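Colleague: Dropping a structure here in structure tokens format, bear with me for questions.
In structure tokens, the structure reads:
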């Protein structure tokens, strides 16, 4: 089946640092969503991307839909302790499916 | 802000028993989904539902699983005869179009 590879798998950073993570695939995707998941909770939508090349921000978060439509990245600027969690990308494959394939996740830990 | 809600938050059952997981999607949404997440793993698609029928399902969604929208607000996932490997978090999601919003999940533990 289709795979979305996320990297890094985990990262430890100091509070205030910027963070970058990405998601890659061998397949083309139609839509990319980025979610954050806290332990024992459901994924919370952070950013949605609908067009190749699109760059979208949500506060300190910025995400981009890769030009090739096979990748996406998420940046977090000036990290704070509550950024701790697992970040998942999810891709909806072209054409016309409503199924999202989730990435393997990036576990972020922020040291105060 | 409207949210997807799920009940119960935690369900413990014996192997072979039937369970029904319940979801109330966001009220004006048209598409409904179930996903599952085995502990420590990624979220996996189970099924999508639109216009009162299954529109897509994964290979995980075998004959033991069924979904129903019994009224205008609830969306349920039934597992007929649970197996140990069904233990996971089950997430309901809903969407108006492409952007899916997830509920908090039901943790299913099969003993």
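Protein chains in written order, with the working numbering: chain A, 397 to 508; chain B, 81 to 191. Note that the Cβ used here is the ideal one computed from N, Cα and C, for glycine as well. Treat the numbers as computed from the prediction; the structure is a model and nothing was measured.
#1: What does residue 111 (chain B) reach in chain A if we use C-beta pairs closer than 9 Å?
#2: Answer with buried or exposed for residue 166 (chain B), where buried requires no fewer than 16 other C-beta atoms within 10 angstroms of its C-beta.
#3: In chain order, what residues of the region 134 to 154 of chain B put their CB closer than 7 Å to some CB of chain A?
#4: Using 8 Å as the limit for Cβ to Cβ distance, is residue 420 (chain A) near chain B?
#5: Grab me the residues of residue 488 (chain A)'s own chain with a C-beta within less than 6 Å of its C-beta, minus the 5 sequence neighbours each way, in chain order.
#6: Would you list the residues sitting across from residue 90 (chain B) in a DSSP beta bridge?
#7: Give me the Cα-Cα distance between residue 88 (chain B) and residue 186 (chain B), rounded to the nearest whole angstrom.
#8: Which class does residue 400 (chain A) belong to by DSSP, given the choice of helix, strand or coil?
#9: With which residues is residue 505 (chain A) paired in a DSSP beta bridge?
#10: Who pairs with residue 467 (chain A) in a beta bridge, going by DSSP?
#11: For a contact meaning CB atoms closer than 7 Å, what does residue 128 (chain B) contact in chain A?
Modeller: Well, looking at it:
#1: By Cβ distance, chain A contributes 494.
#2: Residue 166 (chain B) sits buried, since 16 or more C-beta atoms from the chains shown fall within 10 Å of its C-beta.
#3: Within the region 134 to 154 of chain B, the qualifying residues are 135, 136.
#4: Against chain B, the CB of residue 420 (chain A) has no partner CB under 8 Å away; the residue lies outside that interface.
#5: Within the same chain, residue 488 (chain A) has close Cβ partners 426, 427, 496.
#6: Bridge partners of residue 90 (chain B) according to DSSP: B:187.
#7: Looking at the two C-alpha atoms, the distance is approximately 6 Å.
#8: The three-state reading of DSSP puts residue 400 (chain A) in coil, since its state is none of H, G, I, E or B.
#9: Residue 505 (chain A) pairs with A:408.
#10: Residue 467 (chain A) pairs with A:420.
#11: Residues of chain A whose Cβ lies closer than 7 Å to the Cβ of residue 128 (chain B) are, in chain order, 494, 495.
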